[in-house]
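A short write-up of the structure that comes next.
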Amino acid sequence: MTLTDRYVAATLRRVPADQHADLEQELRASVADAVEAKVEAGTDPARAETDVLNDLGDPDRLAADLAGRPLYLIGPTLYLDWLRLLKVLLWVALIPGAIVLITDLVDGGPVGSAIWSGIWTTASVALQIAFWTTLVFVLLERYGSPRSQDELTGPWTVDRLPTERAPREVTLVDTVVSVGLLVLVAAVLLLQNVATYRGPDGTAVPVLHPDLWPVWTGVLVALVAAEIVLTILVYARGRWTVGLAAVNTVIGVLFAGVVVWLASADRLVNPAFLEVTGGDSLTWLSNGIIAATVVIAAWDVIDVWVKTLRGRRA
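Here it is, written out as structure tokens:
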């Protein structure tokens, strides 16, 4: 095999099979023309072939360019939005860390251990926020709406200028507040066995029903996590779309449905907590939780659909 054969083979292995024939013909013709030009200029044929292939560079990089496949996780179009959002969202990680720290101190634990637990919780939440935020933007970069890219179809013209970008309808402040509240909800669910109420005799009494762990706690936290990812995705898009609004509706209905079912079956609030605090009957509390959950879920779904339809008419 010649150097050109080896170079073409190395390039095509990174390109979809249905593009092999056209790209191979184009690449070989390009190399042949460049080699011929160098030979006519007095360069030795073998040396000319080597120089041309060196100028083309890494075949994997060339294959990515030919296939229109980016070699970066987040490109320039989304990078600044990702960076701005991530910088602010990382502050949200302090919320569960502070809850763990305060809880350990109130329980009379060692100060050093409480501080370490708070730091560890903050770092863990920050890592999760960074990972999921980055993953959302990476998926948008790969599978989002197509963006203008250089193509080998002729000279650049003003027709290739990107269309005017619509103003952002979802602000950074709204996103951070929403994610912060969702993280707080997830922290309350996950820390129910740690951040417990202390009765008059010092006995730890969980506020939520102990039987929620781990199945129903996991389900609720998973739905909260899905809502966090959706919130970040909406910010990255800059607005609500019909598809995103539909996903929000599904998540909202599922979360509200689980909470309403657990509350109606007296499986959400720990009965022992009411006995210790001398609170109202479990039935009254459960009915209040059901009513509040339905109202909040309905308000969120309706508000999102109003924003979506308003944005489509704009």
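With positions in the sequence shown counted from 1, the corresponding number in the numbering used here is that position plus 891.
Glycine included, each C-beta is placed from N, C-alpha and C at the ideal position.
Classification of residue i by the beta-carbon crowding that lies within 10 angstroms, buried from 16 upward
{"i": "R904", "result": "exposed"}
{"i": "I990", "result": "buried"}
{"i": "K978", "result": "exposed"}
{"i": "T1122", "result": "buried"}
{"i": "P950", "result": "buried"}
{"i": "A1095", "result": "exposed"}
{"i": "R1128", "result": "buried"}
{"i": "S1039", "result": "Note that S1039 scores 40 on pLDDT, short of 50, meaning its location in the model is unreliable and no value can be drawn from it."}
{"i": "Y1126", "result": "buried"}
{"i": "E1042", "result": "Model confidence at E1042 stands at a pLDDT of 35, short of 50, so the residue's coordinates are unreliable; what they give is reported in the following sentence. Flag for E1042 reads exposed."}
{"i": "I1142", "result": "buried"}
{"i": "I1020", "result": "buried"}
{"i": "P967", "result": "exposed"}
{"i": "L1081", "result": "buried"}
{"i": "S834", "result": "Lying outside 892 to 1205, the shown extent of the chain, residue 834 is not represented and no answer is given."}
{"i": "A900", "result": "exposed"}
{"i": "F1146", "result": "buried"}
{"i": "S921", "result": "exposed"}
{"i": "W973", "result": "buried"}
{"i": "D995", "result": "buried"}
{"i": "P1037", "result": "Model confidence at P1037 stands at a pLDDT of 47, short of 50, so the residue's coordinates are unreliable and nothing is read from them."}
{"i": "L992", "result": "buried"}
{"i": "P907", "result": "exposed"}
{"i": "L980", "result": "buried"}
{"i": "P987", "result": "buried"}
{"i": "W1190", "result": "exposed"}
{"i": "F1022", "result": "exposed"}
{"i": "G1045", "result": "Note that G1045 scores a pLDDT of 48, beneath 50, so its modelled location is shaky and nothing firm can be said."}
{"i": "L1177", "result": "Looking at the sequence shown, residue 1177 is not Leu but Ser. That one is buried."}
{"i": "W982", "result": "exposed"}
{"i": "A912", "result": "exposed"}
{"i": "Y898", "result": "buried"}
{"i": "A923", "result": "exposed"}
DSSP bridge partner residues for residue i (one or two, in chain order)
{"i": "V1160", "result": "L1099"}
Spatially closest choice to residue i from the options, by CA coordinates
{"i": "T1066", "options": "G988, E1118 and A1113", "result": "E1118"}
{"i": "R975", "options": "T941, F1028 and Q1019", "result": "F1028"}
{"i": "D1155", "options": "W1175, E1166, L1145 and V1197", "result": "Just to set this straight, residue 1155 is Ser in the shown sequence, not Asp. S1155 has its Cα closest to that of W1175, out of W1175, E1166, L1145 and V1197."}
{"i": "G1134", "options": "T968, L1165 and V1195", "result": "V1195"}
{"i": "V1061", "options": "V1074, W1131, L992 and Q1083", "result": "W1131"}
{"i": "L1075", "options": "A1116, T893 and W1104", "result": "A1116"}
{"i": "E940", "options": "V926, T1199 and R952", "result": "V926"}
{"i": "L957", "options": "N945, E915 and P987", "result": "E915"}
{"i": "S1069", "options": "V1106, R938, V1120 and L1026", "result": "V1120"}
{"i": "L894", "options": "L944, V930, H911 and L1159", "result": "L944"}
{"i": "I1180", "options": "V1160, V1106, W1104 and D924", "result": "V1160"}
{"i": "L947", "options": "T902, D909 and L971", "result": "T902"}
{"i": "K929", "options": "R919, L918 and D942", "result": "D942"}
{"i": "L953", "options": "L1165, L918, L964 and V1167", "result": "L918"}
{"i": "L1072", "options": "A984, R938, W1107 and V1167", "result": "A984"}
is_contact[residue i, chain C] using C-beta, thresh 8 angstroms
{"i": "V926", "result": "Among the chains in the structure shown there is no chain C, since it carries only a single protein chain."}
Any non-hydrogen atom of the ligand MN closer than 7 angstroms to residue i Cβ
{"i": "D896", "result": "This structure lacks the ligand MN, and indeed carries no ligand of any kind."}
Take every Cβ of the region 1096-1108, pair it with every Cβ of the region 1004-1022, and state whether three or more of those distances are shorter than 8 angstroms.
By the Cβ test, the region 1096-1108 is not in contact with the region 1004-1022, since fewer than three Cβ pairs between them sit closer than 8 angstroms.
Report yes or no: do the region 1107-1116 and the region 1132-1139 share at least 3 C-beta pairs separated by less than 8 angstroms?
Touching, no.
Entirely within the region 958-987 and at least 4 residues each: give me those alpha helix (DSSP H) ranges in chain order.
For the region 958-987, whole alpha helix (DSSP H) runs of length 4 or above, ordered along the chain, are 967-980.
What runs of the alpha helix (DSSP H), each 4 residues or longer, lie entirely inside the region 928-961?
Qualifying alpha helix (DSSP H) stretches, in chain order: 936-947 and 950-958.
Within the chosen definition, does the region 1146-1154 reach the region 1178-1196 through at least 3 CB pairs nearer than 8 angstroms?
The region 1146-1154 and the region 1178-1196 touch, with no fewer than 3 CB-CB distances between them shorter than 8 angstroms.
Should the region 1000-1007 be regarded as contacting the region 931-949, the criterion being three or more beta carbon pairs within less than 8 angstroms?
Below 8 angstroms, too few C-beta pairs join the region 1000-1007 and the region 931-949 to call them touching: fewer than three.
Could you tell me which uninterrupted alpha helix (DSSP H) segments, each at least 4 residues in length, are contained entirely in the region 1118-1197, listed from first to last along the chain?
For secondary structure counted as the alpha helix (DSSP H) over 4 or more consecutive residues, the region 1118-1197 holds these complete runs in sequence order: 1133-1155 and 1162-1168.
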